[in-house]
Structure formats: structure tokens, C-alpha cells
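First up is the structure itself, then whatever we jot down about it.
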Amino acid sequence: MFDVTAAARFGSFVEGIVQEPNLLGGFWAPEPYDGVVETWTYPALALALEKYTITTAREQREFWNWTHCLTPDLVTQELQFAGFDAPEVYGDIAGAEYEPSSPTFAVCAQRT
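The sequence shown begins at 0 in my numbering and counts up one residue at a time.
Here is the structure:
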């Protein structure tokens, strides 16, 4: 079982640059920092890239976060190509009902 970023989430990615102190509420470091996130989108692939640059008094770090937004059909195709049975699709990993407008979903896949 694993979670998947849904195709419905792709529209929430906005290309651009955001810079702010303690970006994302201090998520990236316990000490004060300057955070920059640069976002690029690739609509034909439903793919987004977020590059985070975190600068503290001691160091600068970069994180490249690629997010591929998928549909249950695309996940099913990939899994079957890899030899898995068609997966069960859920709204989350706790087994909630799948909702197409949700930003994430979960699949349970197995080989028989």
C-alpha cells in the first residue's frame, strides 16, 4: 500500500518564486532561516518541480521536490506493466472511499 499525489492536485501548483523568513512555518530548520521556493510546472506530464533553498547562519541547503500527479488509471497501468494485479484504490491509506477531487489517494497492490 502506498499513497499517490492525485491529478486533481496539479492545479494547485503555481509557477514562480516565493521568499520568506522561516518558510513553511519553520519546517526546514530549528534555527531562523531564509527560505526560497521556486516552482516549475510541466502540464503535459502533470509534473511539478519545487526547488527549496534554505539559508541559515551556518549553511545553505537545496531540496528538489518532484511531484508527479497521477490518476488511478495511470497507476494501474504502471503496476500492471510491472507485473502487479489491478490495485484497489482508496481515499487514503486508512481505507477511506476514493474521492476524485482529493489531492491524494492510496492504492493497495499485490502480485498473485
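Every residue gets a Cβ at the ideal spot worked out from N, C-alpha and C, and that includes glycine.
- Considering only Ala43, Leu44, Ala108, Leu22, the residue with the shortest C-alpha distance to Lys50 is Leu22.
- Taken atom to atom, the span from the alpha-carbon of Thr40 to that of Pro31 is near 29 Å.
- Look at Gln79 here: in three-state DSSP terms it is helix.
- For Gly34, the uninterrupted beta strand (DSSP E) run begins and ends at 33 to 41, by DSSP.
- Here Gln59 has Thr52, Ile53 as same chain residues with Cβ atoms under 8 Å from its own Cβ, once five neighbours each way along the sequence are excluded.
- When the Cα atoms are used, Ser101 and Ala95 turn out to be separated by approximately 11 Å.
- The criterion of a C-beta distance shorter than 8 Å is not satisfied by Leu69 and Ala108.
- Contact check for Pro71 against Phe104 passes: the beta carbons are separated by less than 8 Å.
- By the neighbour-count definition (other C-beta atoms within 10 Å, threshold 16), Gly34 is a buried residue.
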